[in-house]
Structures are given as C-alpha cells and as structure tokens.
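**Student:** My questions will all concern the structure given below.
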Amino acid sequence: MATRPRAVRLPVKVIPRAPRDEIVGVMTDGTLKVRVAAAPVDGAANRAVQRVLARALSLNLKNVEIVRGETARRKLLRVNGLTATEVHARLGLTV
Numbered sequence: 132m133a134t135r136p137r138a139v140r141l142p143v144k145v146i147p148r149a150p151r152d153e154i155v156g157v158m159t160d161g162t163l164k165v166r167v168a169a170a171p172v173d174g175a176a177n178r179a180v181q182r183v184l185a186r187a188l189s190l191n192l193k194n195v196e197i198v199r200g201e202t203a204r205r206k207l208l209r210v211n212g213l214t215a216t217e218v219h220a221r222l223g224l225t226v
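My numbering applies: residue 132 is where the sequence shown begins, and numbers increase by one.
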C-alpha cells in the first residue's frame with residue numbers, strides 16, 4: 132500500500148458476478164479482495180467496487196478513484212482524504 136499525505140494507493144482484486152457486494156479480506160500479497168454483484172460490463176463492476184470501498188471507508192464516492200486496471204480484475208485504487216493507518220482501521224485490517 133503506497134501512500135502520500137492524505138491519499139493511499141490500494142491494490143484490489145475484483146471478483147465480479149458474486150452473490151453480493153463485500154470486502155472478503157487481504158490476500159497474501161497484500162491485495163484487498165472485493166466481491167461485487169455487478170457484471171464487468173460498461174464499467175458497472177468498477178463503479179460497484181468504488182461504491183463498496185467508499186461505503187466501508189465512510190467516504191464520498193469521488194474520493195475513491197481507479198488509477199490503473201479499468202478493464203482488469205486487478206486494479207490500483209487511490210483513496211483520497213485518509214492516511215494508510217486510517218484506511219487499515221476503517222477496513223478492520225491489521226497493520
């Protein structure tokens with residue numbers, strides 16, 4: 132997880148077409164695994180991932196951006212307005 136003041140770059144693996152939207156946990160390589168019900172069509176799964184993370188982090192949707200991986204399951208997201216410690220705490224992850 133790379134950081135800059137009040138922004139965190141978060142690697143995410145997306146599992147589309149899941150039964151429900153949920154954050155599954157952290158994989159062994161440090162990537163956050165997220166399941167979304169939306170299909171990867173016309174950006175629906177991307178929007179769902181942003182929505183799930185924004186809700187979990189208590190942030191406005193505009194503060195969760197996809198930096199890389201728009202068409203891939205592995206994405207790099209930038210979370211603006213929080214530090215890495217705050218992201219870990221809000222997601223219930225250990226540092």
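Think of the CB as a built atom: it goes at the ideal place given N, C-alpha and C, for glycine as much as any other residue. Quick caveat, the model's predicted, so the values are computed rather than measured.
(1) With which residues is N194 paired in a DSSP beta bridge?
(2) Anyone know if the C-beta pair for T159 and P142 falls short of 8 Å?
(3) What would DSSP say about R137, mapped onto helix, strand or coil?
(4) Can you tell me which residues form a DSSP beta bridge with P142?
(5) Kindly indicate which three-state DSSP category V167 falls into: helix, strand or coil?
(6) For the beta strand (DSSP E) containing E153, name the first residue and the last one.
(7) DSSP three-state label for R178, please.
(8) Do you know whose CA, among R137, D173, R182 and V139, lies nearest R151's CA?
(9) Count the other CB atoms, across all protein chains shown, that sit within 10 Å of the CB of A176; report buried if there are 16 or more and exposed otherwise.
**Tutor:** Let's see:
(1) Here residue 194 corresponds to residue number 63 of the sequence shown, with the count starting at 1. The partner list for N194 (beta bridge, DSSP) is empty, contrary to what the question assumes.
(2) Position 28 of the sequence shown holds residue 159. Position 11 of the sequence shown holds residue 142. Not a contact, by the Cβ cut-off of 8 Å.
(3) Taking the first residue of the sequence shown as 1, we reach residue 137 at position 6. It is coil, neither helix nor strand.
(4) By one-based count along the sequence shown, residue 142 stands at place 11. BP columns for P142 point to L207.
(5) Start at 1 with the first residue of the sequence shown, and residue 167 comes out as number 36. Note: V167 maps to coil in three-state DSSP.
(6) Within the sequence shown, residue 153 is the residue found at index 22, counting from 1. Note, E153: beta strand (DSSP E), E153 to V157.
(7) Counting from 1 along the sequence shown, the entry for residue 178 is found at position 47. If DSSP states are grouped into helix, strand and coil, R178 belongs with the helices.
(8) In the sequence shown, counting from the first residue as 1, residue 151 sits at position 20. The alpha carbon of R151 has as its nearest neighbour, out of R137, D173, R182 and V139, the alpha carbon of R182.
(9) The residue you call residue 176 lines up with position 45 of the sequence shown. A176 is classed as buried because its beta carbon has at least 16 other beta carbons within 10 Å across all chains shown.
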